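At position 130 of the sequence shown (counting the first as 1) the number is 131 in the numbering used here, and the numbers step up by one without a gap.
All C-beta atoms, glycine included, are put in the ideal place defined by N, C-alpha and C.
Model, not experiment: these values are computed from the prediction.
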Amino acid sequence: MTGIIFLNYKRKDYSDKVLHSIKQIGVESEILEVEMYGISAAINHGMKYFFEDKEFQNVAICANDIMMPAWWLDRMIEAANAIPETGTSAIYCVENLPPVQNINGVNVHPVWGVFGCSLITRKAFEKIGYFNTEQDPYGVQDSDYCYRLHKTGFLNYYIHGMSANHVGGDSGSTSDYRKMKDEGLNKAGVIYEKWCRIYDQGHLFFPYEQENYIIEMTQMYGSK
Numbered sequence: 002m003t004g005i006i007f008l009n010y011k012r013k014d015y016s017d018k019v020l021h022s023i024k025q026i027g028v029e030s031e032i033l034e035v036e037m038y039g040i041s042a043a044i045n046h047g048m049k050y051f052f053e054d055k056e057f058q059n060v061a062i063c064a065n066d067i068m069m070p071a072w073w074l075d076r077m078i079e080a081a082n083a084i085p086e087t088g089t090s091a092i093y094c095v096e097n098l099p100p101v102q103n104i105n106g107v108n109v110h111p112v113w114g115v116f117g118c119s120l121i122t123r124k125a126f127e128k129i130g131y132f133n134t135e136q137d138p139y140g141v142q143d144s145d146y147c148y149r150l151h152k153t154g155f156l157n158y159y160i161h162g163m164s165a166n167h168v169g170g171d172s173g174s175t176s177d178y179r180k181m182k183d184e185g186l187n188k189a190g191v192i193y194e195k196w197c198r199i200y201d202q203g204h205l206f207f208p209y210e211q212e213n214y215i216i217e218m219t220q221m222y223g224s225k
């Protein structure tokens, strides 16, 4: 059984259409809609529900402005089952698509970090835990999580032959939601670099309750 976290906070222009596309799958799944401030906090809420409370084997994370192709989840689960070292996989949406490789009979595009709607395996979750909430409300949460997986030796990749459509691009908008995103991105790089220094010291696991952990790690390892 696979859990699907549907991030549906604030801006919901495309939510109904996107949710319809997410449901075009053949595998058994459960969708949890999360309306919560802070991307990492929202994802962590869903991960705790599916991985800890329900003990699911995989959890997919979907945004409310990315249209998914049919059978997207089926293909991701097939790849994860065939490739034991899978950390997270994604359906290509933005950035560059790296070369294709055949691994255990499955064509994928390995890369240190993926963007867009993704799948996280239980093995990966048990090794590095939750998303870093210091990147909230909006930042480079995905890069942070992928960096930790990469450092731990997991394989991250895009599924070959599939692509998603980001219908919610709002660059240049003056909406409050876009301002929140821009403010987050303006500080995200500095936060990311600080935590990479901490991760390079071997501290890769994040607990669910993070306030004291973030203070402790920042005080011990966060400075240059």
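DSSP, reduced to helix, strand and coil, places I84 outside both helices and strands of the structure shown, so it counts as coil.
Buried is the label assigned to K182, since at least 16 other Cβ atoms lie within 10 Å of its Cβ. P99 has its alpha-carbon roughly 31 angstroms from the corresponding atom of L33. Annotated three-state conformation of Q58 is coil, per DSSP. In this structure, DSSP gives Y159 an extended state, which the three-state scheme calls strand. Going by beta carbons, P208 and Y148 fall outside the 8 angstroms limit. Residue pairing by DSSP places H21 opposite no residue, since no beta bridge is assigned to it. If you check the CB distance, G47 and T134 do not come in under 8 angstroms.
With a cutoff of 8 angstroms on beta-carbon distance, I5 and E29 are scored as not near each other.
Cβ neighbours of A64 within its own chain (closer than 7 angstroms, five residues either side excluded): L8, C118.
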